[in-house]
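Each remark here refers to the structure printed beneath this line.
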Amino acid sequence: MNVFGLEEKEEGASGEPPILTRMKRYKKSGQKMPTCVIVVGMAGSGKTTLMTQLQRSLSAGNQNDDDDEEGAVPSRQQGYCLNLDPATKLVPFGASIDIRDTVDYKEVMRQHGLGPNGAIMTSLNLFTTKFDQVISILEKRAYGEEPAGHAEQEEEESEQVKEEEGEEENNDNKETVEGEGEEKKEVGGLEYVLVDTPGQIEAFTWSASGTIISEALASSFPTVLAFVVDTPRCAASPNTFMSNMLYACSMLYRTRLPIVIVFN
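This note's numbering puts the first residue of the sequence shown at -1, with every later residue one more than the last.
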């Protein structure tokens, strides 16, 4: 009977999504999980400008924190930025992960005989095939852990502690202290993951690459879409405003993620 009980527990642990396990741990520690913000919108709406301002705000928050004090928990006012626009020539914000380091936009255009828009979409599709590596980097940076098997390791450690409770009390105390240190590392992780996307909005309205990226990020972090709207253009033309709202609704129902309309 005990064997069957253990099997059921293992199945439940493996069947639970990792994000739910992390949410429980963060809830116990009283901290909020890192939030992923995917900045989307029409070409020229100001996505990169918004990314730059967000990063500056996070950097200003870091400078105001008293992290130099002894025993202080590291600040969580940190932003980890990703650039997914392969055709941009200048990235004004500090992108920790840049698609241009992996995919050569002009080479894709030359080899496949594509135009600018087709090359951007193809570059994004190629980058998406390795997006699991991006998720691994983000999870390690945000949670200080490997993406797979972490919850199972925690369960094995807790079982070993229970078995050795009567024999090595001092060792048990050391293990608890180490566990508390790990929780502090999680608390000191990232607060935001910021993702800049290309102006080709079709990447997130009908292309598979946008779906894969949004689902992969949402499986590891609480994720929200920030749809940037160019206010002067919308004020000049109601048709432009309505087309932006339709695109925003399309992304809302396609990704099933919370969306924030940002008027630039």
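We put the beta carbon where it would ideally sit given N, CA and C, even for glycine.
- Using a Cβ distance threshold of 8 Å, L52 and G92 do not count as a contacting pair.
- Runs of alpha helix (DSSP H) with 4 or more residues, each lying fully within the stretch 71 to 120, are found at 103 to 110, listed in chain order.
- Apart from sequence neighbours up to five positions away, the residues of its chain that approach V89 with a beta-carbon distance below 6 Å are N81, ordered along the chain.
- In the DSSP annotation of this structure, the continuous segment of the beta strand (DSSP E) that includes D194 starts and ends at 190 to 194.
- Counting only the Cα atoms, V226 lies some 6 Å from F261.
- About 4 Å separates the CB atoms of L188 and P32; that is less than 8 Å, so the two are in contact.
- Distance from T203 to L223 at the Cβ level is roughly 12 Å; contact not present, criterion being Cβ atoms closer than 8 Å.
- Rounded to whole angstroms, the Cβ separation of G197 and M40 is 7 Å, and the two are in contact under 8 Å.
- Spatial neighbours of I211 in its own chain (CB-CB distance under 7 Å, excluding positions within 5 residues in sequence) are listed in chain order as T126, F129.
- The Cβ-Cβ distance between C79 and F219 does not fall below 8 Å.
- Taking a contact as a CB-CB distance under 8 Å, the pair K45 and D228 does not count as one, their CB atoms being some 10 Å apart.
- Around the beta carbon of L48, 16 or more other beta carbons sit within 10 angstroms, so the residue counts as buried.
- Within the model, the alpha-carbon separation for L244 versus G113 is close to 26 Å.
- Scanning its chain for C-beta atoms nearer than 8 Å, with the 5 sequence neighbours on each side dropped, one finds around Y103 the residues P84, A85, A117, I118, S121, in chain order.
- Short of 6 Å from the beta carbon of Y24, and not among the five residues preceding or following it, lie these beta carbons of its own chain, in chain order: M31.
- In the structure shown, the three-state DSSP call for L255 is coil.
- When DSSP states are grouped into helix, strand and coil, G39 belongs to the strand group.
- Nearest in C-alpha terms to L136, of all of I95, R108, H110, is I95.
- For T221, the enclosing beta strand (DSSP E) begins and ends at 221 to 227.
- Going by beta carbons, Y141 and R54 fall outside the 8 Å limit.
- Membership of K138 in the alpha helix (DSSP H) is indicated by the continuous run 129 to 141.
- If you look at I17, you'll find it in the alpha helix (DSSP H) that goes 16 to 27.
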